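Structure follows, in structure tokens:
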């Protein structure tokens with residue numbers, strides 16, 4: 047039902063809603079009961095899901111974008127030196143114990159709350175290392191070249207010329223999981239003159255508010271940058287994220303987190319006409335060729351399982367001719383990775399791999415530490431080949447799949463069919479085989495050892511906003527590492543020396 051201004055004021059159970067031109071979804075009883083005047087409905091065009099955005103969450107998100115729009119205009123009047131001063135001031139306050147103390151207290155409360163709700167805290171806890179990395183990332187942005195108005199190329203003509211110049215993109219919307227360190231990553235877009243609005247996962251909202259109050263906003267004020275240059279959406283509701291990504295004033299929507307949630311946010315943004323950069327499903331694949339060095343293979347496995355992030359080893363393919371030797375080496379390496387974390391590890395073996403698992407490993411049990419506590423499970427259990435695409439989300443206990451293939455070409459075909467097309471590694475002494483692997487595997491990140499190198503800060507010395515796989519297609523003109531200095535557009539400026547120039 048709509049009012050005189052053609053605004054939706056209520057929903058009824060079973061009410062049909064048209065989407066994607068010729069498809070229909072219906073309103074559930076729960077949605078009809080929850081909907082109030084002033085609320086909004088956002089449709090996920092990929093699934094037809096009706097996403098309920100409460101009026102308050104919509105107002106919070108749109109107000110945050112409005113502040114960022116104003117800030118973007120204001121940044122045009124700010125110097126690169128002011129932006130540099132902002133990054134230094136932000137880093138200084140995080141490094142200062144007095145300024146950091148309330149942030150640490152807020153994070154401790156967030157971690158305690160998450161544990162009480164049996165939520166994962168592996169990426170939530172603002173450890174000394176995370177804090178050090180945040181400070182280093184902000185110092186890195188302070189030292190980086192601004193890039194605003196940099197001349198990309200010049201085209202000279204008789205009587206006139208054209209310069210292509212880098213320019214800020216605009217307002218960036220950023221939704222990410224409960225990882226406090228992403229603050230430093232997200233702020234990187236300011237280096238190029240952009241403003242950013244972000245919504246952090248609900249588990250870390252208290253930490254985010256403390257960082258804003260005690261470090262971010264004082265740094266903006268110190269540098270004389272507009273207050274909305276970096277803005278936090280003050281809502282823990284998913285609806286606030288949907289409202290943010292459906293705001294057509296965004297120039298770019300960046301989402302990182304779990305695969306389904308990121309895909310949904312991307313669909314919402316695309317429906318609003320907003321460009322997206324999605325960083326969701328992860329999990330690295332590693333292939334051991336028939337000439338793989340056992341020690342190098344074992345080291346790559348062990349060092350790719352030190353913690354669970356998107357570039358952690360998820361599936362290992364071993365060629366059949368070496369399976370009897372290398373599968374046990376793989377299992378030993380996984381156990382060592384667990385020992386390094388003080389926890390038992392967990393392995394899933396496909397039908398092709400299980401015959402190569404020695405009896406001693408099959409009989410072994412493991413105390414697997416998950417978000418809801420320890421579980422007694424078998425160390426190795428079988429898994430269907432059609433589940434090779436499953437990404438293991440583990441806490442303390444490394445979890446990984448092993449699969450046996452006929453040869454490297456078969457491994458590549460399996461990887462291209464089942465993996466998220468993200469990170470692929472090959473252990474082989476053959477340069478020719480590495481070249482063929484590089485040419486045929488459909489992944490943006492390819493390596494010959496540890497998979498955990500895939501990281502903007504670690505690999506490129508540049509804090510990242512996220513790492514993209516190729517599940518949703520290859521991005522035009524940009525690599526799969528999205529960083530603050532890759533968020534720009536190009537403008538063209540003509541200088542006419544011949545006043546009589548005409549066509």
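Numbering (this note's numbering), first residue to last: 47 to 549. Beta carbons: idealized from backbone N, C-alpha and C, even for Gly. Computed from a predicted model, the values in this text were never measured in an experiment.
Asked: Inspect the CB distances between the region 539-548 and the region 200-214 and report whether three or more fall short of 8 Å.; Found: yes
Asked: Grab me the residues of residue 225's own chain with a C-beta within less than 6 Å of its C-beta, minus the 5 sequence neighbours each way, in chain order.; Found: 169
Asked: Kindly list the residues whose CB is nearer than 6 Å to the CB of residue 228, restricted to its own chain and excluding five residues on each side of it in sequence; keep chain order.; Found: 222
Asked: Can the beta-carbon of residue 115 be found closer than 8 Å to that of residue 218?; Found: no
Asked: Roughly how many angstroms separate the alpha carbons of residue 365 and residue 457, rounded to a whole number?; Found: 8 Å
Asked: In terms of DSSP beta bridges, what is residue 118 paired with?; Found: Paired residue(s): none; residue 118 is not in a bridge.
Asked: Mind pulling the beta strand (DSSP E) runs of 3 or more residues that sit fully within the region 438-487?; Found: 445-451, 469-473
Asked: For residue 498, I'd like the list of residues in its chain whose CB is within less than 6 Å of its CB, leaving aside the five on either flank, ordered along the chain.; Found: 350, 357
Asked: Pick from 434, 482, 163: whose alpha carbon is nearest that of residue 465?; Found: 434
Asked: Can the beta-carbon of residue 428 be found closer than 8 Å to that of residue 405?; Found: no
Asked: Taking buried to mean at least 16 other C-beta atoms within 10 Å of its own C-beta, is residue 293 buried or exposed?; Found: buried
Asked: For residue 277, which of helix, strand or coil comes out of DSSP?; Found: strand
Asked: Opposite residue 267 in the DSSP bridges: which residues?; Found: Answer is none; residue 267 lacks a bridge partner.
Asked: Using a Cβ-Cβ cut-off of 7 Å (strictly less than) and excluding sequence neighbours within five positions of residue 274, which residues of its own chain qualify?; Found: 113, 114, 116, 117, 241
Asked: Work out the CA separation of residue 71 and residue 255 for me, nearest whole Å.; Found: 38 Å
Asked: On the three-state DSSP scale, how would you describe residue 225?; Found: coil
Asked: When the Cα atoms are used, what is the spatial distance from residue 69 to residue 109?; Found: 32 Å
Asked: If I'm right that residue 402 touches residue 446 with Cβ under 8 Å, what's the distance once you round it to whole angstroms?; Found: Not really, about 15 Å apart at Cβ, beyond 8 Å.
Asked: Kindly provide the ranges of any alpha helix (DSSP H) runs that are 4 or more residues long and lie completely inside the region 227-262, ordered along the chain.; Found: 228-233, 251-257
Asked: Take the Cβ of residue 491 as the centre, count every other Cβ of all protein chains shown within 10 Å, and call the residue buried at 16 or more, exposed below.; Found: buried
Asked: Taking only three categories from DSSP, how would you classify residue 351?; Found: coil
Asked: Output needed for residue 50: all residues of its chain with C-beta closer than 6 Å, excluding positions within five of it in sequence on either side, in chain order.; Found: The predicted model places residue 50 with a pLDDT of 48, which falls under 50 and marks its position as unreliable; any figure quoted below should be read in that light. There are no such residues.
Asked: Alpha carbon to alpha carbon, how far is residue 370 from residue 175? Give it in angstroms, no decimals.; Found: 40 Å
Asked: Nearest CA to the CA of residue 398: which residue from 424, 126, 453?; Found: 453
Asked: Straight-line CA distance for residue 426 to residue 91?; Found: 40 Å
Asked: I need the DSSP call for residue 170, collapsed to helix, strand or coil.; Found: coil
Asked: So, is residue 131 buried or exposed, given that buried needs 16 or more other C-beta atoms within 10 angstroms?; Found: buried
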